[in-house]
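In this note's numbering, the protein residues as written are 16 to 475.
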């Protein structure tokens with residue numbers, strides 16, 4: 016069977032076995048690639064085999080051959096950083112290719128004016144909004160940042176900067192892939208991927224950090240030694256994920272423990288590799304990860320729950336689950352609860368397109384079927400007391416152990432603000448609404464973004 020047929024089979028199963036937390040059509044193209052496919056793409060490439068010899072770990076100095084460092088903007092462009100918000104929701108989102116911000120009950124205000132914005136991230140203090148400028152017609156991707164008061168909008172990394180990281184060889188460009196602010200700082204971490212003519216993206220499995228106060232860039236982990244990264248809640252550690260092993264490092268890339276957990280690569284039947292998604296403990300001492308069995312299309316798939324210590328202590332395998340975790344996790348929807356006490360997974364139901372949502376303890380004990388049908392896993396509440404799934408693509412339901420499900424609304428890109436309040440996007444291309452709700456109360460519209468695809472981020 017050709018690869019395209021296999022890929023279509025996987026896509027069909029994603030929809031029939033409640034694979035994803037939200038439909039892909041609601042995300043911008045680059046974000047969909049980053050989170051649904053490109054965020055997990057990895058291969059043995061010439062880029063990884065031959066990193067630029069002039070780029071060494073640590074700060075990349077301006078003028079270094081084949082290296083780069085973005086030039087700092089004048090101090091007057093920096094704006095005045097507002098105080099850390101206390102309980103005030105700040106929501107950054109894209110609309111008509113620009114970045115907008117909603118703060119508390121204030122009306123939306125426009126922050127950028129250059130168009131082509133398709134990913135946004137807010138720093139934890141709400142002072143900065145980083146966004147990806149993706150101009151498809153010009154074939155240019157840039158990293159921008161703007162102050163939350165609308166001042167100081169500037170380019171931090173240009174396409175030529177990304178392309179100078181490594182020899183391009185057959186690649187058309189290098190692009191930012193996964194991105195995240197380190198909590199309590201203006202350090203933006205990111206890794207990169209290679210883009211080629213036609214389909215196909217290859218992750219370089221590196222990690223960079225750029226300080227958006229000074230625009231100084233550091234490479235924390237070399238190609239092949241990094242990967243997808245997940246900062247601990249206290250910001251001191253990173254969980255480092257690759258398709259066959261998991262490790263940890265300090266948040267500055269030091270004290271790397273590269274292969275604390277090794278496992279067989281999960282067969283995706285396509286041209287991308289699967290990167291598991293860990294969940295950190297609240298005290299940052301360890302994280303849990305659920306590894307699917309090698310073949311998600313096998314008749315009786317399994318999943319293994321592992322506990323990985325931040326300091327490299329011995330692993331703890333807590334459960335071998337008879338059930339499907341590959342598809343529920345395929346679109347960045349971890350199945351392990353934030354307090355690491357429970358795990359959700361799917362079992363095939365008797366219906367052709369049905370499945371059973373099963374909840375169990377993290378050690379596999381006390382499992383029970385909560386719901387059946389054409390279900391899609393969305394995720395746990397921050398306090399682990401509830402969870403969200405959808406019936407079909409967008410009929411969102413709130414589940415609690417021992418209680419019947421409650422309707423939340425028709426939407427996608429669901430995200431918890433806290434354990435009571437939540438956000439989601441409703442509508443379709445060209446006719447979107449950002450909605451905010453609270454458990455037990457009616458949802459309300461807070462914004463009307465424009466565009467085919469909408470991205471948003473928030474802090475409170």
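Backbone N, C-alpha and C define an ideal beta-carbon position, used for all residues, glycine too.
Please report how far the alpha carbon of residue i lies from the alpha carbon of residue j, in whole angstroms.
i	j	result
residue 411	residue 345	18 Å
residue 298	residue 212	44 Å
residue 469	residue 426	13 Å
residue 159	residue 326	35 Å
residue 455	residue 219	45 Å
residue 430	residue 324	27 Å
residue 451	residue 471	13 Å
residue 222	residue 261	14 Å
residue 257	residue 293	11 Å
residue 462	residue 123	7 Å
residue 361	residue 443	28 Å
residue 289	residue 312	14 Å
residue 475	residue 105	6 Å
residue 301	residue 446	42 Å
residue 259	residue 321	14 Å
residue 191	residue 403	30 Å
residue 441	residue 233	39 Å
residue 286	residue 215	7 Å
residue 120	residue 405	29 Å
residue 413	residue 342	20 Å
residue 164	residue 210	34 Å
residue 460	residue 103	17 Å
residue 148	residue 133	6 Å
residue 453	residue 432	10 Å
residue 419	residue 296	28 Å
residue 179	residue 231	16 Å
residue 183	residue 273	26 Å
residue 140	residue 167	17 Å
residue 187	residue 205	19 Å
residue 228	residue 129	21 Å
residue 385	residue 395	14 Å
residue 331	residue 249	22 Å
Mind reading off the beta-carbon distance from residue i to residue j? Whole number of angstroms is fine, and I expect it under 8 Å.
i	j	result
residue 138	residue 201	6 Å
residue 415	residue 434	That pair is no contact at about 11 Å.
residue 207	residue 177	7 Å
residue 499	residue 439	There is no way to answer for residue 499, as the model of the chain reaches only from 16 to 475.
residue 353	residue 397	6 Å
residue 316	residue 328	Going by Cβ atoms, the distance from residue 316 to residue 328 rounds to 29 Å, so no, they are not a contact pair.
residue 268	residue 235	3 Å
So, are the CB atoms of residue i and residue j less than 7 Å apart?
i	j	result
residue 347	residue 318	no
residue 310	residue 270	no
residue 110	residue 161	no
residue 181	residue 464	no
residue 417	residue 390	no
residue 225	residue 203	yes
residue 157	residue 170	yes
residue 303	residue 351	yes
residue 476	residue 305	Since the displayed the chain opens at 16 and closes at 475, residue 476 lies outside it and no answer follows.
residue 253	residue 194	no
residue 251	residue 266	yes
residue 458	residue 424	yes
residue 358	residue 375	yes
residue 356	residue 377	yes
residue 131	residue 150	yes
residue 364	residue 387	yes
Whole beta strand (DSSP E) elements within the stretch 94-154, 3-residue minimum: Uninterrupted beta strand (DSSP E) stretches at least 3 residues long and entirely within the stretch 94-154 occur at 105-110, 113-118, 132-137 and 143-150, given in chain order.
Length at least 4, wholly inside the stretch 305-337: the alpha helix (DSSP H) runs in chain order: Contiguous alpha helix (DSSP H) elements confined to the stretch 305-337 do not occur, taking only those with 4 or more residues.
contact_flag[the stretch 139-152, the stretch 112-128] where n(CB pairs < 8 Å) is 3 or more: Result yes; three or more Cβ-Cβ pairs closer than 8 Å.
Touching by the beta-carbon criterion (3+ pairs, under 8 Å), the stretch 277-292 and the stretch 224-240: Result no; under three Cβ-Cβ pairs closer than 8 Å.
Uninterrupted alpha helix (DSSP H) stretches inside the stretch 254-310 (no shorter than 4 residues): Fully enclosed alpha helix (DSSP H) runs of no fewer than 4 residues are not present anywhere in the stretch 254-310.
Contiguous beta strand (DSSP E) assignments of at least 3 residues, all confined to the stretch 344-390: Runs of the beta strand (DSSP E) lying entirely within the stretch 344-390, each at least 3 residues long, are 357-363, 370-376 and 383-388 in chain order.
Residue ranges of each beta strand (DSSP E) within the stretch 219-254, 3 or longer: Segments of the beta strand (DSSP E) lying fully in the stretch 219-254: 222-226, 231-236 and 243-246.
Within the stretch 156-211, ranges of the alpha helix (DSSP H) (whole runs, at least 4 residues): Complete alpha helix (DSSP H) runs here, min 4: 174-178.
Complete runs of the alpha helix (DSSP H) confined to the stretch 418-451 [at least 4 residues]: Taking 4 residues as the shortest admissible run, the stretch 418-451 contains no complete alpha helix (DSSP H) segment at all.
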